[in-house]
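Novice: Pasting a structure below so you can have a look.
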Amino acid sequence: MKNKLPTKIITLTEENFKEALKIASEIISNGGIAVIPTETVYGIAASIYNSDAIQKIFEAKNRPMDNPLIVHISDPKQLNDLTDEINETSRKLIQQFWPGPLTLIFKAKEGVDKKVTGGLNTIAVRMPDNAFTLKLIEMTGPLAAPSANISGKPSGTEISDIFEELNGKVDVIVDEGIVRCGLESTVINTLINPPVILRKGTISKEMIEKVVGVVTFSSPGEGTISPGTKYKHYAPGVKTTYIKKISSPDHFNLLMGTISKDKKIGIIHFGLDIEGSYKNIKIENLSGNPEYASKFFYRTLRKMEKSVDEIIILPLPEHHGLWISLEDRIERGSDKIIDVI
Ligand code: TXA
Ligand code: MG
7 MKNKLPTKII
17 TLTEENFKEA
27 LKIASEIISN
37 GGIAVIPTET
47 VYGIAASIYN
57 SDAIQKIFEA
67 KNRPMDNPLI
77 VHISDPKQLN
87 DLTDEINETS
97 RKLIQQFWPG
107 PLTLIFKAKE
117 GVDKKVTGGL
127 NTIAVRMPDN
137 AFTLKLIEMT
147 GPLAAPSANI
157 SGKPSGTEIS
167 DIFEELNGKV
177 DVIVDEGIVR
187 CGLESTVINT
197 LINPPVILRK
207 GTISKEMIEK
217 VVGVVTFSSP
227 GEGTISPGTK
237 YKHYAPGVKT
247 TYIKKISSPD
257 HFNLLMGTIS
267 KDKKIGIIHF
277 GLDIEGSYKN
287 IKIENLSGNP
297 EYASKFFYRT
307 LRKMEKSVDE
317 IIILPLPEHH
327 GLWISLEDRI
337 ERGSDKIIDV
347 I
């Protein structure tokens with residue numbers, strides 16, 4: 007059993023911003039690992055130039071070593087240390103979406119740590135849109151940072167959700183409150199034509215297509231191309247069922263009637279007209295606004311798994327843009343998917 011690290015907690019304010027940067031950058035430069043904010047979800051960061059620190063990230067998360075990390079940079083110029091080739095499609099996407107929640111795949115430069123790339127000859131890079139983290143990277147150089155959560159659990163969108171699972175495993179936690187987006191970055195491979203979205207995320211397919219024309223989604227079974235997507239992901243700790251479509255309000259009432267009264271059920275819905283109160287049923291309305299729903303989705307799952315025996319997720323209102331990414335996470339986190347009731 008390893009000794010626990012004395013984790014330092016910094017609640018970021020305007021007043022302590024510079025001091026926090028100093029502390030976090032020193033920790034990282036000395037081979038430590040830090041929970042840092044980004045616009046999408048919190049990350050666990052280490053210097054890409056310190057192999058032992060990278061190893062600590064995998065241990066803290068209990069992450070399989072073949073699942074590569076995203077490198078976070080503060081200036082596109084830093085790409086020159088990571089790859090020798092930036093194609094035209096990538097240039098356009100960088101111009102449009104960086105800093106922001108889009109991760110691009112490049113051919114990795116000789117000498118890049120194999121722990122970062124999971125042994126692949128490609129490297130995933132993004133420039134996050136977060137003032138603290140951009141400044142931090144200016145001080146430390148590029149940071150490898152997977153989402154802040156134990157592997158297989160929903161990504162951390164606020165510190166109280168991940169404190170128990172990461173306290174004692176990282177050197178410092180920088181708490182900036184709830185993140186802005188709540189779903190991870192979109193990962194796209196532009197090394198092939200048409201480009202392929204390997205992981206759906208905050209930037210939608212439609213937004214990308216406006217800039218570079220047609221792109222596709224990777225199909226199931228292509229998991230080894232983006233190693234992370236082959237593992238069970240984003241799952242809460244209690245049985246979760248996703249109902250994709252309700253064909254009539256009567257069917258919904260029937261469903262509520264059949265729910266076991268001995269169990270506590272959590273229902274997550276997206277702007278349906280079902281307020282009312284049902285005994286032993288906890289209802290969360292994530293609204294019909296996709297930005298709002300995405301921002302609070304993981305947090306709602308994490309809060310619910312602590313207070314109910316089972317979760318039921320009701321249909322999304324629409325199927326385009328950000329809703330598609332949210333549905334991907336819902337499906338990955340569900341034990342059971344019912345097409346229609
Ligand atoms: O929004 C985000 O992207 C957050 C924040 C912290 O930046 N990070 C994040 O990292 O979600 P992580 O490690 O949880 O997910 C990274 C994903 C995984 O699915 C991984 O397999 C994929 O990116 N990935 C990393 N390098 C890759 C590569 N060279 N080729 C294909 N997929 C790669
Ligand atoms: Mg993750």
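In the numbering used here, each residue carries its 1-based index in the sequence shown increased by 6.
Glycine included, each C-beta is placed from N, C-alpha and C at the ideal position.
Where does K288 fall in DSSP's three states?
Specialist: strand
Novice: Among T222, Y304, M213, which one has its Cα closest to the Cα of G162?
Specialist: Y304
Novice: Answer yes or no: the CB of A59 versus the heavy atoms of the ligand TXA, is any distance below 8 Å?
Specialist: no
Novice: Measuring alpha carbon to alpha carbon, tell me which residue in R69, K245, I129 is nearest N195.
Specialist: I129
Novice: Closer than 6 Å between the C-beta and any heavy atom of the ligand MG: which residues qualify, listed along the chain?
Specialist: P152, S153, S161
Novice: Out of A52, K62, E164, S210, which has the shortest C-alpha to C-alpha gap to L307?
Specialist: E164
Novice: With DSSP as the reference, identify every bridge partner of F223, one or two as the case may be.
Specialist: I203
Novice: Go ahead and label E190 buried or exposed: buried means 16 or more other beta carbons lie within 10 angstroms of its beta carbon, across all protein chains shown.
Specialist: buried
Novice: Where in the region 58-87 do unbroken runs of the beta strand (DSSP E), each at least 3 residues long, occur, reported from the N-terminal end onward?
Specialist: 76-78
Novice: Pick helix, strand or coil for L27, following the three-state DSSP scheme.
Specialist: Looking at L27 - three-state DSSP - the assignment turns out to be helix.
Novice: Am I right that I79 and A151 are in contact with their C-beta atoms under 8 Å? What's the rounded C-beta distance?
Specialist: Not a contact, Cβ separation roughly 11 Å.
Novice: Should N295 be labelled buried (16 or more other beta-carbon atoms within 10 Å of its own) or exposed?
Specialist: exposed
Novice: Rounded to whole angstroms, how far is the Cβ of G339 from the Cβ of P160, which I believe are closer than 8 Å?
Specialist: 7 Å
Novice: Could you give the distance in angstroms between the alpha-carbon of L126 and the alpha-carbon of G117?
Specialist: 12 Å
Novice: To the nearest angstrom, how far is it from the Cα of T230 to the Cα of S224?
Specialist: Model confidence at T230 stands at a pLDDT of 46, short of 50, so the residue's coordinates are unreliable and nothing is read from them.
Novice: Could you spell out where the alpha helix (DSSP H) holding D256 opens and where it closes?
Specialist: 255-264
Novice: Would you please state the rounded distance, in angstroms, between the beta carbons of E182 and L18? I believe it to be under 8 Å.
Specialist: 5 Å
Novice: I'd like to know whether the C-beta atoms of G188 and F302 end up nearer to each other than 9 Å.
Specialist: yes
Novice: Could you tell me the boundaries of the beta strand (DSSP E) in which E316 lies?
Specialist: 316-319
Novice: Run through DSSP, which three-state label would I249 get?
Specialist: Judged by DSSP in its simplified three-state form, I249 adopts strand.
Novice: By Cβ distance, which residues of its chain are closer than 6 Å to T123, with the 5 residues on each side in sequence left out?
Specialist: P74, A114, I129
Novice: Within the same chain, show all residues whose beta-carbon is closer than 8 Å to that of I330, passing over the 5 residues directly before and after it, in chain order.
Specialist: K206, S210, K211
Novice: Out of N68, R97, R69, P70, state which residue places its alpha-carbon closest to the alpha-carbon of P82.
Specialist: R97
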